[in-house]
Amino acid sequence: MQSRRNEISKKMRKFKNRVIIICVLSPILYLIMNIAKWPIFNFLLDNYSKVTTGVIIDEKNFIGKGVIIQMYSYSYEFYAENESYIEDSRNQKCKVGEKVEIEYLEWCPSISRLKQ
Numbered sequence: 001m002q003s004r005r006n007e008i009s010k011k012m013r014k015f016k017n018r019v020i021i022i023c024v025l026s027p028i029l030y031l032i033m034n035i036a037k038w039p040i041f042n043f044l045l046d047n048y049s050k051v052t053t054g055v056i057i058d059e060k061n062f063i064g065k066g067v068i069i070q071m072y073s074y075s076y077e078f079y080a081e082n083e084s085y086i087e088d089s090r091n092q093k094c095k096v097g098e099k100v101e102i103e104y105l106e107w108c109p110s111i112s113r114l115k116q
């Protein structure tokens, strides 16, 4: 009976330790992925992208938290394999209705950017 309790207690300690490790590492991994995501995406787009045309649409993406002057960029829309994708242009100079060239990953079209 006592050995069974010790065994259960050891399993619970292992489980608690794993939960603590996951709780500690999760925010760190999240930050690393958010910081490293764009260099990885840019590398993939530089080397494996497919080019298509898209159009700037009237969907504003606000930049920062300006109260007096609100800065924004417009989104662009493009089609890949008969499906529509909408992403932020991250370019304040784009005008609604303007045609732009888009680079995207064929196997994951949601990873895209304006052609540089």
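According to full-length UniProt numbering, the sequence shown is numbered sequentially starting from 1. The C-beta atom is built at its ideal place from N, Cα and C for all residues, glycine as well.
Item                                                                                            : Value
Same chain only: Cβ atoms within 7 Å of S89, ignoring 5 sequence neighbours per side            : I56, S73, Y74, S75, Y76 and L114
Distance, I28 Cα to K95 Cα                                                                      : 38 Å
Three or more C-beta pairs below 8 Å linking the region 97 to 105 and the region 37 to 56       : yes
I63 - DSSP class collapsed to helix/strand/coil                                                 : strand
Of the residues Q92, Y79, K93 and A36, the one placed nearest E106, counting alpha carbons only : Y79
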